Amino acid sequence: MWVVVDGVKENVGNLGVEPPRLFRGRGEHPKKSMRIHPSDITMNIGKGVPVPECPIQSLHNTVTWLAFWNDPINPKEFNYVFLAAGSASKAQSDKEKYEKARNLTNHIDNIRATYTKNFTSKDVTKKQIAVATYLIDKLASRAGNEKVKFDLCFSSVKEQDRYLPIANISRIMKRVLPPNGKIGKDAKDTVQECVSEFISFITREHVVSSL
């Protein structure tokens, strides 16, 4: 399916409404979703198009969704229809993201100097941020929400890995690096000893309770 955005023909990314289904999660479940009817869907179309009429006016030129409807199971959530990944608006967003990443090279030295300085900060929050930033930088870890494991080149550090003595750095690196990643024989040089010591403080009861 195609739509016309600013005179450009674009492919629609997701099209279709989920049929009635059973949902099983935490709490009082399972729940059954009701069927989505045309009256439940809000369309985002151009000016001068009478049918179907959009109940919310003046949104067609400031948002990227084509339609949305309220989730029948969780009223606080909405489902949207967007343009395809190859559309101009999506491509521009990706371009801006990559340009920002490229521009990071102009600031990386200052960032590293800052988190190294904060290793010795008396502020627990600053120290935690410094250690987390160091690990993201040093291990090239991805910071963000979980993704499907088959789409990743790393895995997260688990609860039992909160303590990172130097002797265990090799084991931690095996979790973080991709399956085909190589680890040097002397893993002690991979993560600074002071960082290994700093990570252990998050297991203290008074700190964990404040996280």
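In the numbering used here, the protein residues as written are 33 to 243.
Even glycine gets a Cβ: it sits at the ideal position worked out from N, Cα and C.
All figures in this text were calculated on a predicted structure; none of them were measured in a lab.
Proximity test, residue i beta-carbon vs the ligand COA heavy atom, cut-off 7 Å
{"i": "Gly48", "result": "No copy of the ligand COA occurs in the structure displayed, which carries no ligand at all."}
Start-to-end residues for the alpha helix (DSSP H) that takes in residue i
{"i": "Ser108", "result": "One detail in the question is off: residue 108 reads as Lys in this sequence, not Ser. Neither: Lys108 is in no alpha helix (DSSP H) and is coded neither H nor E."}
{"i": "Lys158", "result": "Val156 to Leu171"}
Anticipated Cβ contact below 8 Å, residue i with residue j, distance rounded
{"i": "Ser119", "j": "Glu42", "result": "4 Å"}
{"i": "Phe151", "j": "Ala164", "result": "About 12 Å; that fails the 8 Å criterion."}
{"i": "Leu98", "j": "Phe114", "result": "7 Å"}
{"i": "Ala116", "j": "Gly39", "result": "Not confirmed; about 17 Å, so no contact."}
Residue range of the beta strand (DSSP E) that includes residue i
{"i": "Thr96", "result": "It is not in any beta strand (DSSP E) - Thr96 carries neither H nor E in the DSSP assignment."}
{"i": "Asn43", "result": "Val40 to Asn43"}
{"i": "Val49", "result": "Note, Val49: premise wrong, no beta strand (DSSP E); not H, not E."}
{"i": "Thr74", "result": "Ile73 to Met75"}
{"i": "Val81", "result": "From DSSP, Val81 is part of no beta strand (DSSP E); its letter is neither H nor E."}
Burial state of residue i (16 or more Cβ within 10 Å)
{"i": "Arg172", "result": "It is Ala, not Arg, that sits at residue 172 in the sequence shown. Exposed."}
{"i": "Leu167", "result": "buried"}
{"i": "Tyr130", "result": "exposed"}
{"i": "Asn76", "result": "buried"}
{"i": "Pro197", "result": "For Pro197, the pLDDT reaches just 44, beneath the cut-off of 50, and the residue's location in the model is therefore unreliable, although a value from the coordinates is still provided. Exposed is the call here."}
Inter-stretch contact (C-beta, 8 Å, three-pair minimum) for the region 141-157 and the region 113-131: No, the region 141-157 is not in contact with the region 113-131.
Cβ pair count under 8 Å reaching 3, the region 64-72 against the region 98-107: As far as the Cβ criterion goes, the region 64-72 touches the region 98-107, which means the pair count is three or higher.
Residue ranges of each alpha helix (DSSP H) within the region 113-150, 4 or longer: 120-135 and 140-149, all fully within the region 113-150.
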